[in-house]
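Here the working numbering = 1-based position in the sequence shown + 301.
Backbone N, C-alpha and C fix where the C-beta goes; we use that ideal spot for every residue, glycine too.
Everything numeric in this text was worked out from a predicted model, so none of it was measured.
To start, the structure under review is shown below, and the notes come after it.
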Amino acid sequence: MMWEIDDGSPMVAFAGDWHGRDTGLEEKLQRLCANGITRLVHAGDFTIWPDRSGRLFLDRVNSWAESTVIRIGVTPGSHKDWSHLQTAFAAAADGKPVEVCSHIAALPRGYRWTQRGRRFVSYGGAASIASESRVTDPSWWRDEIPTPAEFAALDAGGTAEVMITHDSPVPGTPKVDAIRRSSNGWSDDALIYAELGSRGITAAWEAVHPDLLVHGHFHVQDEITLVSGQRIFSLAAENDPGNVLLLNLDTLQTSWLEETDD
């Protein structure tokens, strides 16, 4: 039976892109455990691949999650086998998460849950700006961008207080907006494709109207509080500072994992 992502804990953690690299992850999970974390929501590019390398990564991370009693819910990103994921989601009952290991589950787009009275929604996927250099299905999947039907279902579900995405809405944090303004040598078609993806996430953000949105994808630590009072947090990648954010569900106060060492 699928474990519940909501365990009533007053704290939850979020992590940015890990890209299948496990260096430092055991220590990171141990630090989270020491801070009372029992649930971590990953904001994408975690690495869920059905091949041997993907299985080895999952097995290692799962063993560390098991030893620290942390369950990991993954909001899928862009660099993953979306064909494999969508097949698994379709086979799951009533749009529930797919348990890929005993302590790791993939969250379908639009999946909602409540923890400590706070409403969460996960809405994964993003446009791979490097899609032109990839091959369809072996290394790039059209399903990485949410479909109109998935957005309609999200919209019909109403608002939530906490939203987890891989891509960022527009406008985003200052560092993310600066990255978007720079073409960085990408072709016009690649930039148009990336913009298409970000427009979809922006529409989702506007539909859900969360108090707080957490995302990965851009590999930078940053945050902003908008005039509306809504907050957006961009997570850094792998072992960079700002890869993990902690959220107190009673107060909605946040802290970066590095700050807990002070």
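| Item | Value |
| --- | --- |
| Is the separation between the beta-carbon of Arg-413 and that of Val-422 shorter than 7 Å? | yes |
| Please classify Asn-549 as buried or exposed, where buried requires at least 16 neighbouring CB atoms within 10 angstroms. | exposed |
| Using a threshold of 7 Å, state whether the C-beta atoms of Phe-358 and Gly-321 are closer than that. | yes |
| In or out: Thr-348 buried (at least 16 other Cβ within 10 Å) or exposed? | buried |
| Taking the alpha-carbon positions, what's the Trp-319 to Gly-486 distance? | 24 Å |
| Could you check which residue in Val-342, Asp-360, Leu-341, Ala-344 has the C-alpha nearest to that of Trp-350? | Asp-360 |
| Can you check whether the CB of Ile-446 is closer than 7 Å to the CB of Glu-378? | In the sequence as presented, Glu is not what sits at residue 378; that position holds Gly. Not closer than 7 Å, so no. |
| If you draw a straight line from the C-alpha of Gly-317 to the C-alpha of Phe-519, how long is it? | 9 Å |
| Under DSSP, the beta strand (DSSP E) around Ile-405 begins and ends at which residues? | 405 to 407 |
| Per the DSSP calculation, Arg-286 is bridged to which residue(s)? | Residue coverage of the chain in this structure runs from 302 to 563, which leaves residue 286 outside it and unanswerable. |
| Assuming Ile-371 and Leu-341 form a contact by the criterion Cβ under 8 Å, report the distance between their Cβ atoms to the nearest whole angstrom. | 6 Å |
| Who are the near neighbours of Gly-501 in its chain, counting only those whose CB is closer than 7 Å to its CB and skipping five residues on each side? | Ile-446, Pro-447, Phe-452 |
| Looking only at its chain, what residues have a beta carbon closer than 7 Å to the beta carbon of Asp-456, apart from the 5 residues adjacent to it on each side? | Ala-508 |
| Confirm, please, whether the CB-CB distance from Phe-315 to Leu-558 is below 7 Å. | no |
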